[in-house]
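Notes to accompany the following structure.
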Amino acid sequence: MAIIKSNSEIASAIWRMTVSGTPLGRAGQFFMLRVPGALDPLLGRPISICEIDAELGETTFVYQTVGRGTAQFARLLPGQEIEAQGPYGNGFPLKAGRAVLIGGGIGTAPMLQLAKELHASDPTRMIDVYLGFREEAYLEKSFEQYADSVTRNIGGYVVNDVDFSLDATYYACGPAPMLRAAASAADEASANLFVSLEKHMACGVGACLGCTCQTEHGRKRVCKDGPVFDYREVRDAI
347 MAIIKSNSEI ASAIWRMTVS GTPLGRAGQF FMLRVPGALD PLLGRPISIC
397 EIDAELGETT FVYQTVGRGT AQFARLLPGQ EIEAQGPYGN GFPLKAGRAV
447 LIGGGIGTAP MLQLAKELHA SDPTRMIDVY LGFREEAYLE KSFEQYADSV
497 TRNIGGYVVN DVDFSLDATY YACGPAPMLR AAASAADEAS ANLFVSLEKH
547 MACGVGACLG CTCQTEHGRK RVCKDGPVFD YREVRDAI
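Mapping the sequence shown onto our numbering, position 165 (from 1) lands on 511, and the numbers just tick up by one.
Printed below as a string of structure tokens:
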């Protein structure tokens, strides 16, 4: 069990929850979160790591209230417990050199820990962050301590703001249309792009095969083999 340290709404239907008592993961990994004793829904919800404070032993998640499970999360108060199984998944590879991070909607959340880890691994590297939102921005200020530039796009197409011709590694997390646009742009520019896929998950450990996707090397489990892939490998799954 993890202990809720804070849980507050930071934008419309967007909540930021910090917990203690979980193993510390890394950027791109996720936990299966569930309210203790809940029977509906019975299964946990996969929520990506937004930020890790190793000194305090705390993990922060940012989630959107879109159904019964996440609505239950929003009612949790500091001091209460939450089931947190994980961390699961492979996480983002930390490649050398310049990095360009592209987050769309709730997909901006895992980009924050990625920016933090990239900066920590090489404080001299250049990091450019592009954040796309439908209506209301969030987390934007949190990126500034790690990134050289932070570009916000509200109501438009954030991928259109990105220069894919740079000598850099590109990372993207967001809705499928955004990932497809990023993949197309990466194709045209022969850019190196890693994408984080989102699928419905039941177990989080690859046992139920409920989140498999087609790759160039056969079917793979997003929760176990991913959720981060080289975009070329999962082109047909985006």
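Cβ coordinates follow ideal geometry from the N, Cα and C atoms, glycine included.
Which listed residue (the options) has its alpha carbon closest to that of residue i
i, options, result
"S488", "E397, I393, T368, S352", "E397"
"V475", "R444, F407, P469", "R444"
"Q491", "V504, V505, Y484, L458", "L458"
Test item: CB-CB of residue i and residue j under 7 Å
i, j, result
"E486", "R471", "no"
"V580", "Y516", "no"
"S354", "E482", "no"
"I395", "Q375", "yes"
"G413", "G450", "no"
"A522", "I584", "yes"
"S511", "A535", "yes"
"C519", "P433", "no"
Coarse secondary structure for residue i, derived from DSSP in three states
i, result
"V446", "strand"
"C557", "coil"
"I452", "helix"
"K462", "helix"
"D399", "strand"
"E481", "coil"
"P369", "coil"
"T470", "coil"
"F438", "coil"
"Q332", "This structure cannot speak to residue 332, because the chain is shown only from 347 to 584."
"L379", "strand"
Contacts around residue i, its chain only, beta-carbon distance under 8 Å, and the 5 residues preceding and following it disregarded
i, result
"R565", "T558, C559"
Contact with chain C by residue i, beta-carbon distance below 7 Å
i, result
"N353", "Included in the structure is just one protein chain, with no chain C present."
Proximal residues to residue i (C-beta, below 6 Å), its chain only, five neighbours per side dropped
i, result
"S495", "D474"
"G415", "P387, R391"
*Does the region 541-551 come within contact of the region 566-575, defined as at least 3 CB pairs closer than 8 Å?*
yes
*Any contact of the region 359-372 with the region 410-422, i.e. 3+ C-beta pairs under 8 Å?*
yes
*Could you say if the region 457-470 and the region 382-391 meet the contact criterion of at least three C-beta pairs nearer than 8 Å?*
no
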